[in-house]
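Chemist: First, the structure itself, so that you have it in front of you.
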Ligand SMILES: NC(=O)c1ccc[n+]([C@@H]2O[C@H](COP(=O)([O-])OP(=O)(O)OC[C@H]3O[C@@H](n4cnc5c(N)ncnc54)[C@H](O)[C@@H]3O)[C@@H](O)[C@H]2O)c1
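In my numbering, the protein residues as written are 164 to 520.
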């Protein structure tokens, strides 16, 4: 008996190919279709998955009654229509974030997800990471006393302005929404106040670095710093990514080099240092939780919801908007950005490179 879950993937760029690789590896998925509008992406998909039907027409996936799950890995502008269509055709959905390109359209996608018994999830990948689960568990044991301060920082020489992902918004929305989401996950409630400072690096129209601090409804305070501005032209690139959580009695923190993550837990009764492989985007975890849900008929509670994604996205947009109402300096020149873009085009291995086609 074929017990594999039949799936159709829409969008086979950088992320779509991560899903494809993980699904092929796991052996739990029958990747029946791969759809992409770009001929180069389709050609690569055909090489990676010769058994799949490769198409530029998403409609044939929706109309195939045997397809159980649709993977939505194109860009944010097409997502809301694809979400609504997938539910209409009776398909479960694994979606990339953001679930659409505006707050209103994200709300409509949440409404669609919450009006059906079909399963949906979204790749808020930090929620599936071993390090955040370990830290949360330690906090829940009371080891740091009362949770008081959440500090997150993610600075890399990653996706530069104008390189792609235009519908996903500036860096603080496209990438920063993950940190906005995980801060809210730790606090266990919604943001109450915020104050954002940003800078328009290289004189680009939008901020590419933003720092926001504020409070949650339960009084926990936070600061989040995110930017893809970190030494883009340095000879040897590096990054700085950490979480630092302070309680009334102890602290926990984590840092990583994208290969290994190191968690340090300084609690009242335990001092623990854990070093394990970073785990990348944890797509294997997400796909396995989703496959478990389909197989058991019960949605796994650890799967991030469309509502989680819409709330993180809305807050990220609000923080960006707040920064525009403050002093918003422009530093650097467009010609430096040109240099960055041309360097990234020539790079084979770099931070957040959209795969060369
Ligand atoms: N969860 C994460 O950590 C994470 C990380 C990176 C990107 N993303 C998200 O994943 C999505 C894809 O990003 P990417 O980096 O793979 O981008 P990409 O540009 O590499 O790939 C997008 C692909 O979608 C195709 N496409 C665009 N519109 C389409 C449509 N209507 N139908 C079919 N194919 C279409 C493009 O031809 C391209 O091959 C984005 O929305 C991004 O926000 C999430």
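Beta carbons are placed, not taken as given, at the ideal position from N, Cα and C, and that holds for glycine.
When the distance is taken between beta carbons, is residue 326 closer than 8 Å to residue 507?
Modeler: It is a contact, given that the beta carbons lie within the stated cut-off.
Chemist: The beta strand (DSSP E) spanning residue 283 covers which residue range?
Modeler: Residue 283 -> beta strand (DSSP E) spans 283–285.
Chemist: Can the beta-carbon of residue 472 be found closer than 8 Å to that of residue 285?
Modeler: Contact: yes.
Chemist: Using the Cβ count rule (16 or more neighbours within 10 Å means buried), how would you classify residue 509?
Modeler: Answer is exposed; the Cβ neighbour count stays below 16.
Chemist: On the CB-based measure, 16 or more other CB atoms within 10 Å of its CB, does residue 517 come out buried or exposed?
Modeler: By the neighbour-count rule (16 or more Cβ atoms within 10 Å), residue 517 is not buried but exposed.
Chemist: Does the Cβ of residue 259 have 16 or more other Cβ atoms within 10 Å, making it buried, or fewer, making it exposed?
Modeler: Buried, because 16 or more other Cβ atoms sit within 10 Å of the Cβ of residue 259.
Chemist: Just checking my contact of residue 380 with residue 338 at CB under 8 Å: how many whole Å lie between their CB atoms?
Modeler: No, residue 380 and residue 338 are not in contact; Cβ-Cβ is about 25 Å, not under 8 Å.
Chemist: Less than 7 Å between the CB of residue 237 and some heavy atom of ligand 1, yes or no?
Modeler: The answer is yes for residue 237.
Chemist: In chain order, what residues of the same chain lie with their CB nearer than 8 Å to the CB of residue 457, ignoring the 5 residues before and after it?
Modeler: Same-chain partners within the cutoff: 168, 231, 232, 255 and 282.
Chemist: Could you round the C-beta distance between residue 246 and residue 235 to whole angstroms and report it? I think they count as a contact, below 8 Å.
Modeler: Yes, they are in contact, since the Cβ atoms of residue 246 and residue 235 sit about 7 Å apart, within 8 Å.
Chemist: Compute the Euclidean distance between the alpha carbons of residue 485 and residue 383, then round it to the nearest angstrom.
Modeler: Distance between the alpha carbons of residue 485 and residue 383: 20 Å.
Chemist: Given a cut-off of 8 Å on the beta-carbon distance, is the pair residue 503 and residue 396 in contact?
Modeler: Yes; because the gap between Cβ atoms is below 8 Å, this pair is in contact.
Chemist: Find the nearest neighbour of residue 372 within the set 195, 421, 322 and 469, judged by alpha-carbon distance.
Modeler: When each option's Cα is compared against that of residue 372, the closest is 322.
Chemist: List the endpoints of the continuous beta strand (DSSP E) containing residue 461.
Modeler: Segment: none, residue 461 is in no beta strand (DSSP E) and carries neither H nor E.
Chemist: Enumerated in chain order, which unbroken segments of the beta strand (DSSP E) with a length of 3 residues or greater are wholly contained in the stretch 335–373?
Modeler: If we require 3 residues or more, the beta strand (DSSP E) runs fully inside the stretch 335–373 come out as 354–364.
Chemist: At which residues does the beta strand (DSSP E) containing residue 311 begin and terminate?
Modeler: Unbroken beta strand (DSSP E) run through residue 311: 310–318.
Chemist: Assuming residue 431 and residue 413 make a contact with CB atoms under 8 Å, what is their CB distance in whole Å?
Modeler: Between residue 413 and residue 431 the Cβ distance is about 6 Å, and since that is below 8 Å, they are a contact.
Chemist: Using DSSP bridges, identify the partner residues of residue 198.
Modeler: Paired residues: 173 and 218.
Chemist: Excluding five sequence neighbours on each side, which residues of the same chain lie with their C-beta closer than 6 Å to the C-beta of residue 405?
Modeler: Hits under 6 Å: 316 and 418.
Chemist: Examine the Cβ distances between the stretch 305–313 and the stretch 475–484 and report whether three or more of them are shorter than 8 Å.
Modeler: At 8 Å Cβ cutoff, the stretches do not touch.
Chemist: Look up residue 499 in the DSSP assignment and say whether it is helix, strand or coil.
Modeler: It is helical.
Chemist: How about residue 342: is its Cβ closer than 7 Å to a heavy atom in ligand 1?
Modeler: Because no heavy atom of ligand 1 lies under 7 Å away, the Cβ of residue 342 does not count as near it: no.
Chemist: Beta carbon of residue 190, beta carbon of residue 237: below 8 Å?
Modeler: No.
Chemist: So what does DSSP say about residue 490, is it helix, strand or coil?
Modeler: Here residue 490 sits in coil by DSSP.
Chemist: Answer with buried or exposed for residue 199, where buried requires no fewer than 16 other C-beta atoms within 10 angstroms of its C-beta.
Modeler: Its Cβ being crowded by 16 or more others within 10 Å, residue 199 is buried.
Chemist: What are the partner residues of residue 258, as DSSP defines its beta bridges?
Modeler: In DSSP, residue 258 forms a bridge with 235 and 285.
Chemist: Measure the alpha-carbon distance for residue 491 versus residue 370 and round it to whole angstroms.
Modeler: Residue 491 and residue 370: Cα-Cα distance of roughly 8 Å.
Chemist: Do you know whose CA, among 415, 263 and 387, lies nearest residue 403's CA?
Modeler: Ranking 415, 263 and 387 by Cα distance to residue 403 puts 387 first.
Chemist: Here's the rule: buried if 16 or more other CB atoms are within 10 angstroms of the residue's CB, otherwise exposed. What is residue 222?
Modeler: It is exposed - the Cβ of residue 222 has fewer than 16 other Cβ atoms within 10 Å.
Chemist: How about residue 218 and residue 515: do their beta carbons lie closer than 8 Å?
Modeler: No; because the gap between Cβ atoms is not below 8 Å, this pair is not in contact.
Chemist: Is the closest heavy atom of ligand 1 to the C-beta of residue 241 under 7 Å?
Modeler: Correct: residue 241 has its Cβ closer than 7 Å to ligand 1.
Chemist: Between which two residues does the alpha helix (DSSP H) harbouring residue 273 extend?
Modeler: Residue 273 -> alpha helix (DSSP H) spans 266–277.
Chemist: Smallest Cα separation from residue 389: which of 487, 314, 511 and 293?
Modeler: With distances taken between Cα atoms, residue 389 lies closest to 314.
Chemist: Which residue from 213, 211 and 288 puts its Cα closest to that of residue 442?
Modeler: Closest option to residue 442, Cα to Cα, is 288.
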